[in-house]
Amino acid sequence: MAQLKEISCTGRVIGCYLSRDRKPSLEKIATDRLEITLDGVVGDCHAGRTRASDSRTLKQYPRNIDIFNSRQFSIASVEELAEVATRMEIPEVKPEWIGANLLVRDIPHFTLLPPASRLMFSSGATVIVDLENHPCKYPADVIERHHPGKGLAFPKVAMKKRGVVAYTEKSGAIAVGDTIRIFVPTQEAWPHRERFLRGE
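Taking the working numbering, the leading residue of the sequence shown gets 54, the next gets one more, and so forth.
Here is the structure:
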């Protein structure tokens, strides 16, 4: 039995973005296409087979330990960013401002796609969804520069709306206009999850 099932929903790539240096800002620059390898997006500052552990992994590792890079790039959705902008009372939240490499559309509740889902693009290039990309202060700082007095609301209003982080399963090209086939795991949810998360 297949462990992944293709769903009857086709997404589309609306934007591609990259940044060669993360030091000046989280903000990325638009481009027509991305080349992805098993190291991530070619030329992007978040590419690499491994990365340094950070605040997200403090419960598992000390800082600056070399770990697998499951955050090679981030993906956001048109529909969810529009909702975030409405909640923030600003005209738009651009994907560049939040550090996204890809902007997609037509995938409902995109941020809540199950971990291990696959997104397969027109070339056959495929990425594995790792986790929700939790909103944090860095995009908030960028938004604040563009809309003074509004940016600080981002971490709260963008929960479950910022998109996901992912890593490459199959190399290839991703271009604006590509279609996206979506495969989700057939495995059932662990029945004890909610009980343990509540601390019982």
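Positions of the beta carbon are idealized from the N, C-alpha and C atoms, including for glycine.
Inset, instruction - Out of Leu156, His99 and Ala153, state which residue places its alpha-carbon closest to the alpha-carbon of lysine 76. - result: Translated into the one-based positions of the sequence shown, residue 76 becomes position 23. The shortest C-alpha separation from lysine 76 is found at His99.
Inset, instruction - Within the same chain, show all residues whose beta-carbon is closer than 8 Å to that of isoleucine 60, passing over the 5 residues directly before and after it, in chain order. - result: Residue 60 sits at position 7 when you count from the first residue of the sequence shown. Counting only Cβ-Cβ distances below 8 Å, and skipping sequence neighbours, we find Ile235, Phe236 and Val237.
Legend entry - Backbone secondary structure at glutamate 158 - three-state DSSP: Here residue 158 refers to the residue found at position 105 when the sequence shown is read from its first residue. The amino acid occupying residue 158 in the given sequence is arginine; glutamate does not appear at that position. Of the three classes helix, strand and coil, the one that applies to arginine 158 here is strand, per DSSP.
Legend entry - DSSP state of methionine 173 mapped onto helix, strand, coil: Numbered from its first residue, the sequence shown carries residue 173 at position 120. In the three-state reduction of the DSSP assignment, methionine 173 falls in the strand class, which pools E and B.
Legend entry - Where arginine 171 falls, given that 16 or more other Cβ within 10 Å makes a residue buried: Within the sequence shown, numbered from 1, the residue matching residue 171 stands at position 118. So arginine 171 counts as buried.
Legend entry - At least 3 beta-carbon pairs within less than 8 Å: the region 186-199 vs the region 221-235: With the cut-off at 8 Å, the region 186-199 and the region 221-235 do not touch.
Legend entry - Distance cut-off 8 Å: valine 157 Cβ against heavy atoms of the ligand COA: Summarising the ligand content, the structure contains no ligands, and the ligand COA is consequently not present.
Legend entry - Top-ranked residue by Cα proximity to cysteine 62, from Ala138, Gly216 and Ile160: The residue you call residue 62 lines up with position 9 of the sequence shown. Put simply, of Ala138, Gly216 and Ile160 the residue whose alpha carbon is nearest the alpha carbon of cysteine 62 is Ile160.
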